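In what follows, a structure is listed as C-alpha cells, so that the remarks can point back to it.
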Amino acid sequence: MKTTLKSLIIIAIFLFSNPELLLATKMPADTALLILKNVNVLDINKGRYRKGRNVAISQSKILSIDYGRKNWKNAKVVDLSGKYLIPGLIDGHVHVTAQTKNNIENTYSHLNYYLQHGVTSVRDASGDGASLLEAQRAINSGKRQGASVYFAAVMAGDWFYNRGINLHKEPYEPWRQLVTEKTNLDSAMKEAKACGATGVKLYHSFDKVLLPKVVAAAKQHGLKTWGHVMMYPANPMDVASSRMEVLSHVFMLENLLTDTLFFKRKTPLSYKDSVINTLDIKPFSDIMKANNSILDATLCVSEERDPWIFTLLKKIYKEGVAINAGTDQIVDLKSAHPRLLDELNSFVDKCGFSTIDALRSATVVSARVIGQEKNIGTIENGKMADLLVLNGDPLNDIKELSAIHMVIKSGKIVDIK
C-alpha cells in the first residue's frame, strides 16, 4: 500500500513538472496544439530572452514556454526561427467610443485596429459604458475580433457637472456619476460595478477630504481606482496621498509649481525647462512609490503644447516611479501604427527610458493598471496567450514594435490585413 501511494505521488510530481504531459492526459488525441517553434521568448521581468524555445499554446492559454519534442503529432507548428516573442501590448489610456450616441461598429473598428497592430488590450478611460460592455462581451466570447477592452465609470464633483454651461445634464448614467459629500458611496460603487466597469475614473472637483473616501469606497467594491493627477481643488500631492492606484497626465504636475511666469503662454520654452529642471519632484515620487501607485504619463496628449513634459517625466522615471504607457487618444484608422508606439518611442528617445522599461510600461505595468497582472502582461505558463511576434529585437531598437510578423489573441493567430 505504501509502495503504491509513493508511486502515485512520484507520478503526480512528474506530471505537474511536465505540463505538456499533464495536458495530454486531459485532451482528446485529435486536439491540436499551437506550437511556436524555435522563437526567442522575452522574459519581461528579467529583461532578457530565452532563446530558441518551443512555446505551446492550448485553449487560449500558454501551456509551456519550453515544450518538449513529444506530443507534436496533432499540433499546428509555426517555425519562428529568428523571431522575437513578447507579450501583447496594452494601451493603458484610450477612448474608443463617443460619450453619447455611440456607433458600436466604429468601436469594433477601433478595437480591431489595435489588435491588428499588436495591442491586445486597452483601457477606455471615459466612454459610453453600454457600448463598451457590449464590445467587451462580444470580443471575449469570440463573436467579434478586437483588443480586449476594460473601461471606467467616470465620477466627478458638483462644480464639474453644474457650473452653469450645461456641459453635463442629468440624468446621469452608472458610468458617469455626480459624486459629492452627500452621495451614498456604497450605492454609487455598486452601480459602477454593475455596469461592467473595471474601475472608477475620478475626474474633477474633488477636495482632499472627499477624495480618499471615494478611493476607499471603490476599493471596497473591488474596483480599480484611476483619476487625474490634479482634481481641482485637490492638488497632485493630495491625489497621490489618497492612495489612488493610477494617476493620469504628467502635464498636470505643473500644478506643483508656484512660478506664475511658467503658466503664461508666451513664456519661452527655455525658461519653462529651467523651472522644471529645478523642481523637486522627490516628495511626489516618494508618495507614489510608498503607495505602489502608477503614473499614467500620456505624453501624446500634450507633447506639442508642453514639450517640457519630457524633462519632467525623465526626472520621475529616475526616481523609480512605475509608469504606464497610455496615449489618451482616439484611433486614426488611416495611421500606419497606433500612437502607443509614438509614446514608447518618446519614453526611450526623449525621457531616458531603457527599452526594457519602455516595454514594461506597455505590458506588465499596464496589466497592473487594469488589474489583469495575473492573466496577461508577461509570458508565463498558464497565462493568457496574448502575444506579439516581431521580426526584430525591440530591446535593441524600440521601433521594432512596428515590424510585426504575427499577432496571437487568446491563443489564436490573428488574420492581419
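Last residue of the sequence shown: 417 in full-length UniProt numbering, with the numbers rising by one and none dropped.
Every residue, glycine too, gets a C-beta built ideally from N, C-alpha and C.
Note that the coordinates shown come from a computational prediction; the quantities given were computed from them, not determined experimentally.
- Of 385, 103, 41, 313, the smallest CA-CA separation from residue 57 is found for 385.
- Taking a cut-off of 8 Å for Cβ pairs, the segment 362 to 375 and the segment 103 to 116 do not touch, as fewer than three such pairs fall below it.
- Looking at the backbone, the Cα of residue 300 and that of residue 409 are separated by about 26 Å.
- Using a C-beta cut-off of 8 Å, the segment 310 to 330 makes contact with the segment 78 to 94, since at least three inter-stretch Cβ pairs fall below that distance.
- Here residue 304 is exposed. Its C-beta has fewer than 16 other C-beta atoms within 10 Å.
- Between residue 206 and residue 116, the alpha-carbon positions lie close to 39 Å from each other.
- Judged by DSSP in its simplified three-state form, residue 329 adopts strand.
- For residue 387, there is no enclosing alpha helix (DSSP H); the residue is part of the beta strand (DSSP E) that begins and ends at 387 to 390.
- Taken through DSSP and simplified to helix, strand or coil, residue 77 comes out as strand.
- Residue 86 has its alpha-carbon roughly 9 Å from the corresponding atom of residue 40.
- Secondary structure of residue 409 (DSSP, three-state): strand.
- With contacts defined as CB atoms closer than 7 Å, residue 119 and residue 338 qualify as a contacting pair.
- According to the DSSP assignment, residue 236 belongs to the alpha helix (DSSP H) that extends over 236 to 241.
- When rounded, the separation of the alpha-carbon atoms in residue 73 and residue 243 is 52 Å.
- With contacts defined as CB atoms closer than 7 Å, residue 281 and residue 318 fail to qualify as a contacting pair.
- Here residue 220 carries a helix assignment [DSSP, helix/strand/coil].
- In its chain, beyond the 5 residues on either side, 294, 365 have a beta carbon closer than 6 Å to the beta carbon of residue 322.
- C-alpha of residue 256 to C-alpha of residue 239: approximately 12 Å in a straight line.
- Per DSSP, the beta bridge partners of residue 121 are 90, 148.
- A direct Cα-Cα distance of roughly 28 Å separates residue 378 from residue 127.
- Within the segment 245 to 318, the complete alpha helix (DSSP H) runs of at least 4 residues fall at 269 to 278, 282 to 290, 309 to 318.
- Counting other Cβ atoms within 10 Å of its Cβ, residue 309 reaches 16 or more and is therefore classed as buried.
- For the pair residue 183 and residue 158, the CB atoms are not nearer than the 7 Å cut-off.
- Shown here for residue 191: same chain residues with a beta carbon closer than 6 Å to its own, the five before and five after excluded, namely 174 in chain order.
- In chain order, 39, 389, 405 place their CB closer than 6 Å to the CB of residue 83, counting only its own chain and leaving out the 5 sequence neighbours on each side.
- Pairing residue 78 with residue 42 gives a Cβ-Cβ distance that is not under 7 Å.
- Annotated three-state conformation of residue 52 is strand, per DSSP.
- Taking 4 residues as the shortest admissible run, the segment 362 to 402 contains the following complete alpha helix (DSSP H) segments, listed from N- to C-terminal end: 364 to 369.
- In the displayed model, residue 187 falls within a helix according to three-state DSSP.
- CA-CA distance, residue 199 to residue 296, rounds to 15 Å.
- Contact annotation, residue 217 with residue 186: C-beta distance approximately 7 Å; criterion of less than 8 Å satisfied.
- With fewer than 16 other Cβ atoms inside 10 Å of its own Cβ, residue 194 counts as exposed.
- With respect to the 7 Å criterion, residue 208 and residue 154 are not classified as neighbours on the basis of their beta carbons.
- In the DSSP assignment, residue 322 falls within the beta strand (DSSP E) that extends over 322 to 324.
- Relative to residue 236, the option among 224, 273, 96, 254 whose CA is nearest is 254.
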